[in-house]
């Protein structure tokens, strides 16, 4: 392989690697749930026994459109407090308040732990 051909190959590889999206956080918003349930990047709160569906999209350099290229997985750090599972909706997850308390959701993006979002399960309201 000539020096010129080798140089061209290196340029192509550098461009492909340089164009890969860089993780820049997540956007979180509530999709369905009780009126007092809340979801944002800074925290999730819901009542004991309630279920909320929220959307979580990774962002690359502030652009939520590039989340398609990123693999996301979310786990609860304490399933005795809150259980989180993938929803049938695109980019959506369901969280269930199992017991009153606080825990966190651990967000993995492309196999790396990237976020820890606090979750608070509050007592249910009695009539």
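In the working numbering, the protein residues as written are 1476 to 1602.
Each residue gets a CB set at the ideal place from its N, CA and C atoms; glycine is no exception.
- For the pair residue 1599 and residue 1577, the CB atoms are not nearer than the 8 Å cut-off.
- Close CB contacts of residue 1597 within its chain, under the 6 Å cut and outside five residues either way in sequence, are with 1522 (chain order).
- Residue 1507 is bridged by DSSP to 1528.
- The C-alpha of residue 1584 lies about 27 Å from the C-alpha of residue 1525.
- Around the C-beta of residue 1563, fewer than 16 other C-beta atoms lie within 10 Å, and the residue is accordingly described as exposed.
- For residue 1556, the secondary structure class from DSSP, reduced to helix, strand or coil, is coil.
- Per the DSSP secondary-structure output, residue 1513 pairs in a beta bridge with 1520.
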